[in-house]
Structures are given as C-alpha cells and as structure tokens.
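Visitor:
Protein chains in written order, with the working numbering: chain C, 101 to 482; chain P, 356 to 565.
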C-alpha cells in the first residue's frame, strides 16, 4: 500500500515535537480520512463494535447528495441557456453548471475546514468529520449568483457561532448549513431572494459579483406575489425550474433519500412525518388565487424535499426518541407551509421551520424520556 | 478617607474592567441591543445612563439612613424616574434627532438593571462620594460596551461612522463594486452576538487576572 506507507513515514514530522507539529490536526484529518484509525476505544462500559466509524458513515450522506448535486449543476446550465435563448446540449449545460458550482464548493470547504482545523489544533483535539457534509450542503442551498466572499463570511459565521461555540461536531443545536443560509438570508436579502439571483449570467460574473443576472422567478416567488405559477407539476418534480442549486429536483432528492435510509443514517420517520405534516397543512391552507396550483404541488416546489431529506434528518440536531421524531417531522412540515402561505415576508418557510424545531428537539427528547421513566416507575410501584 | 484614596480607586476601576456591568454581570443587555444599531445613539445612551446612575447613587446615598427599609424600592424608583425625566427633556431640547431615535429607551432607563442594582448593592451602604464614583464607573463600563458594539454595527451595517461614509461608494455592488452592507448587523440579534464576542474577548484578556 503506497499511500499508507507515505502517511506512516510522514507521521513523526507531524506528531508532538516534530518539525510540522503545527499542522498535526490537518495530517490527522487526512490520515483518518483515508484509513480507519488504529486506536480502538478503551474497554470500559458498554460498547458497540462496528467497522465503520463516523468518518465513513458521514460519507454516505455525501454520496446521497451526489444525484441532487449533479442535477443541480445540469440545471444551472439549463436555466442559463434558457434565459439567454441559446441552443445547448446536455453536456454543455452540465459543464457550465460545474464551472459555476466548483468555486462555491471550494470556498465552502476551504473556509469551513480551515476554521475547524485551526480550532482543533488550538484545543489539541482531532478534527471532526461533520464538515464534510456541511461543506457540500452549503453550496447546494444558495442561489447560483451568490458572491463567493459573502458565502465565505456566512460559512465562517455558521462554523464559529453555530458549531464551535457549542463544542464542535455533535454538540451543535442548529444545523450549521441552515445557519449559513439563515445568515445569508437576513444579512444579504438582495442576494438571496428576488428573481435575479437564480440564473447565472456568466460564471465569471459570479466571481465578480455583478447582480444584473437574467430574471427568472421561482414558483414560490410567483405564489408569494399572487401570480399564476408558470411551471407545470412535471417541471417541479423533474427539477427544471429556477431555485437554489440542490433543491429543485424531487427525483434526485428521493434517490438520495433512498440511499440515506438504506444506509441507516437518516430516520425514515422524520422524512415521512415531515411530508405528512406538510401535505396536511398544504391541503388545509391553499394559496389564495393560485388556480392552476394543486395543494400537493406545495411539496414539490422550493426547498421542502431537500429540507425534509437532508436537513431535518441531521442526526445531531433531530430528536433521538422515536416518538420525538414523529412530532419533530410533523411540526417541521406543518410550520414550513404555514410560514409560506401566511407570511408574505418569507416565500420559503422550510429553513425557518427546521431551525425552529432544532431548538425544540431536546425538549421532545426530554419529554418522552421522562414519560417513559414515569411509566416504568408506576409499573414498578405496583 | 481622602477623596482619591486607594479604596476609591478600586471602586472606580472595578466596573470599568473586571466587574463590568455588561460583560461580567450581564446586566443592561436589553438596551445594549436596542440602541446600538448606530454609534451616535449608543454614545448618547451611554452618557445618559452614566449621569443618571451617578446622581441617583448620590441622592440615595444621602437619603440612605432616612429611607424606611420596607419602601426603599419605591423611593429609589421615584428618584430614578425624576432623573430620567430630566435627562429625557434635556435630550429633547438639545439633541432632538437622537432622542427621537432612542424613543422609548430613554424612558426605559428606569428599568435598567444596572441602576437598581447599584442603588441596592452600593448606594444603600456607602457614603455619597464613593457612591458617585461607583455610579460614574458603572455607567462608563456600560457605555464602553455600547460604543464598541455601536461602532461595529454601524460600520458593517451601514458603512458609516457617526453618519460619515467610511466604505467608499465605488465599492458598493450598485456601483459595480463587490461590497454589500450586512443587513444582519442592523438587527438586534446581531447585537447579542457582538456582546457575546465582547464577553469572549474580555474573558480571554482577563483570564490570568482572576
């Protein structure tokens, strides 16, 4: 094994006292990224033996995101060439989207991992793996025209204030990727909403940050403005509509959901109950004046699917108890639709609904654990 | 005891740093969030609170032996309310624009925990001169946090300092540049995070001294 040998040879340079010990965390992260670490937990207390550690399991999430990511790239190109009216092929669309997307992914990983490695080095801990998913989620939930420096600031804000201050990976209350989006949404509203941000004029302009892109309203934007929706249900399910990069295609997201459930990472209860809650609310609260818009189409537009599958199911910020999961998901779905329909200021409610329920997740757990304890105490007392 | 003895020096220095009312005691947070979206109101608010705390401390300290213990809170409130009314009218007379911007928060100085805290904890037990120093120092400690938070929020949220444009116009995105003001800075939520950052830095700096 060539790579293993190289890593082993490099190890003394990076360990305590070595020449490059300042970069020890970075080395450790790379080493455990490629190979399962040698150390095992000390024999103390009850333990589960499993061949995959959290770096490996977190990778399933990245794999599950790939269909949505690839479709997102294709869709960037498609929307661009539709807006300019030029003819384009599938490959051409895809390459265009890839070039627009790559700088965002690089910036998000560089900033986020940079901060994580720096803090891990400072606190003499090992680098945690949580950011591998967050780093790919962040570029997927922003509009394509979002300038890179703004993305960098938002990523830094989320990693520091939503994650590291709570104690790092596994301790955060809020989903860091959603905090990034919330920060962008409140700090730079002009870059996050409106109909100019969804279609990239030119990927070079995206670096320069000019905002005069081609206009294309999202279905939710049209609904909030009380206009008829100009996309068919088929468009919204396949995903050939303007929207944040990863969120448009229901099919690609459902493929991801299947992978996550098969790998046992996401809870199917949360996904199902989110859709149930959303469907119920969408049925009860139709948009006023949107005739060609069926109630169930609510679930196919905007970030509903993406949020339900990839954000709400985050194992860190969702409840651990099974009953808690049902309520958590149901309330996310219901609140998302309530915010969409009732609040004209926020055309999309998924982000706010999930963040709000993140706060309540520990409370649900507490409630169900306590009620279980009480039930058993009563049974024991009999 | 001389006016500038060592004990009085300690009374004055404490609230400015190691016993800062906002950063250490976490009092007066509400107004620190509400009035710091720009620097000017933050400064005026800081001065107002300093003046009111100092004079309320002196008055209560003078009265401390005559106030019946059971109604002391009411007496304290009456004194503070009178001083707040005076300050509010002075602000309206001389800096009308700022007083409009501060709106209810001048009146709400009455409910500022720093004031009642100092009256109860210090002025009721000490003579007028140390009480005066304590009031000034607590007011200044509060004002310092307000000014720092107001400075950062105005600079990043509006690109100005005291109303003067700091970020050049050509940098803005409308004019072909890259920069956009951070809208989050104009919201109270960000002030809370900035106060938290202030506390964070304050603790790192003072870690050895404790």
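In this text, a Cβ means the ideal position worked out from N, Cα and C, and glycines have one as well.
Is residue 377(C) closer than 9 Å to residue 432(C) when the C-beta atoms are compared?
Guide: Going by C-beta atoms, residue 432(C) is nearer than 9 Å to residue 377(C).
Visitor: Taking buried to mean at least 16 other C-beta atoms within 10 Å of its own C-beta, is residue 525(P) buried or exposed?
Guide: That one is exposed.
Visitor: Should residue 283(C) be flagged as near chain P, meaning a C-beta pair shorter than 9 Å?
Guide: Chain P, which has a Cβ nearer than 9 Å to the Cβ of residue 283(C), makes this yes.
Visitor: Report, in whole angstroms, the separation of the C-beta atoms of residue 483(P) and residue 413(P), which I expect to be a contact under 8 Å.
Guide: The Cβ separation is near 5 Å, so the contact holds.
Visitor: Residue 343(C) and residue 351(C) - do their beta-carbons sit closer together than 9 Å?
Guide: Result no, Cβ atoms of residue 351(C) and residue 343(C) do not sit closer than 9 Å.
Visitor: DSSP three-state label for residue 520(P), please.
Guide: Reduced to three states, the DSSP call for residue 520(P) is strand.
Visitor: Hey, does residue 388(P) have any beta-carbon neighbour from chain C nearer than 9 Å?
Guide: It does not: the Cβ of residue 388(P) has no partner Cβ on chain C nearer than 9 Å.
Visitor: Go ahead and pull the three-state DSSP assignment for residue 288(C).
Guide: Three-state result, residue 288(C): coil.
Visitor: Report the neighbours of residue 396(C) on chain P: residues whose CB is nearer than 8 Å to its CB, in chain order.
Guide: Here the premise fails: no neighbours, minimum Cβ distance about 35 Å.
Visitor: Which residues mark the beginning and the end of the alpha helix (DSSP H) in which residue 489(P) is found?
Guide: From DSSP, the alpha helix (DSSP H) with residue 489(P) extends over 483-513.
Visitor: Taking residue 258(C) and residue 280(C) to be in contact with their CB atoms under 8 Å, please state how far apart those CB atoms are, rounded to whole angstroms.
Guide: Indeed, because the Cβ distance is near 4 Å, the residues count as touching under 8 Å.
Visitor: Report the residues of the segment 542-558 of chain P with a CB closer than 7 Å to any CB of chain C, ordered along the chain.
Guide: Taking 7 Å as the Cβ-Cβ cut-off against chain C, the residues of the segment 542-558 of chain P that qualify are 542 and 548.
Visitor: Exposed or buried, what is residue 426(C) when buried is set at 16 or more other beta-carbons lying within 10 Å of its beta-carbon?
Guide: Buried is the call here.
Visitor: Chain P partners of residue 247(C), CB-CB under 9 Å?
Guide: Those within 9 Å of residue 247(C) in chain P are 528, 533 and 535.
Visitor: Between residue 442(P) and residue 407(P), which are expected to be in contact by the criterion C-beta below 8 Å, what is the C-beta distance as a whole number of angstroms?
Guide: With 8 Å as the limit, residue 442(P) and residue 407(P) qualify as a contact, their Cβ atoms being about 6 Å apart.
Visitor: For residue 449(P), name the three-state secondary structure that DSSP assigns.
Guide: Residue 449(P): helix per DSSP, three-state reduction.
Visitor: Which chain P residues are close to residue 261(C), counting only those with a beta carbon under 7 Å from its beta carbon?
Guide: In chain order: 548.
Visitor: Under 8 Å by Cβ, that's how I've got residue 370(C) and residue 413(C) pegged, so tell me the actual separation to the nearest angstrom.
Guide: Confirmed, Cβ separation roughly 5 Å.
Visitor: Would residue 262(C) and residue 212(C) qualify as a contact pair, given that the criterion is a beta-carbon distance under 9 Å?
Guide: No, these two residues do not count as a Cβ contact at 9 Å.
Visitor: Which value, in whole angstroms, describes the spacing of the CA atoms of residue 335(C) and residue 341(C)?
Guide: Cα to Cα, residue 335(C) sits roughly 6 Å from residue 341(C).
Visitor: With a cut-off of 8 Å on the beta carbons, I'd call residue 321(C) and residue 374(C) a contact; round off their distance for me.
Guide: Contact flag wrong, Cβ pair sits at about 22 Å.
Visitor: State the Cα-Cα distance for the pair residue 104(C) and residue 359(C), rounded to the nearest angstrom.
Guide: One C-alpha to the other measures close to 29 Å.
Visitor: I need the DSSP call for residue 475(P), collapsed to helix, strand or coil.
Guide: Reduced to three states, the DSSP call for residue 475(P) is helix.
Visitor: In whole angstroms, what is the alpha-carbon distance linking residue 372(C) and residue 166(C)?
Guide: Going from the Cα of residue 372(C) to the Cα of residue 166(C) covers about 22 Å.
Visitor: With burial defined as no fewer than 16 other Cβ atoms inside 10 Å of the residue's Cβ, what is the status of residue 179(C): buried or exposed?
Guide: The residue is buried, with at least 16 neighbouring Cβ atoms inside 10 Å.
Visitor: Does DSSP put residue 360(C) in a helix, in a strand, or in coil?
Guide: Residue 360(C) falls in the helix class under three-state DSSP.
Visitor: Please list, in chain order, all residues of the same chain as residue 436(P) whose beta carbon is under 8 Å from its beta carbon, the five residues on each side excluded.
Guide: So the qualifying residues of the chain are 465.
Visitor: For residue 325(C) and chain P, any beta-carbon pair shorter than 9 Å?
Guide: Chain P contact via Cβ: absent.
Visitor: Under 9 Å between C-beta atoms, does residue 287(C) make it to chain P?
Guide: For residue 287(C), the answer is yes, since a Cβ of chain P falls inside 9 Å of its Cβ.
Visitor: Which residue wins for smallest C-alpha separation from residue 456(P), given the options 492(P), 490(P) and 391(P)?
Guide: Of 492(P), 490(P) and 391(P), the residue nearest in Cα terms is 391(P).
Visitor: Whose C-beta lies closer than 7 Å to the C-beta of residue 441(C) among residues of the same chain, with five residues either side of it excluded?
Guide: Closer than 7 Å at the Cβ level, and outside the excluded window around residue 441(C), lie 385 and 387.
Visitor: How about residue 290(C): is its C-beta nearer than 9 Å to some C-beta of chain P?
Guide: Interface residue, yes.
Visitor: Are any of the Cβ atoms in chain P nearer than 9 Å to that of residue 253(C)?
Guide: Chain P, which has a Cβ nearer than 9 Å to the Cβ of residue 253(C), makes this yes.
Visitor: Checking the sheet assignment: what are the DSSP bridge partners for residue 534(P)?
Guide: In the DSSP output, where bridge partners are listed per residue, residue 534(P) has 527(P).
Visitor: Using CA coordinates, which residue listed in 549(P), 546(P) and 538(P) is at the minimum distance from residue 290(C)?
Guide: Residue 290(C) has its Cα closest to that of 538(P), out of 549(P), 546(P) and 538(P).
Visitor: Just the chain C side, please: which residues come within less than 9 Å of residue 538(P) by C-beta, in chain order?
Guide: Residues of chain C passing the Cβ test: 286, 287, 288, 289 and 290.
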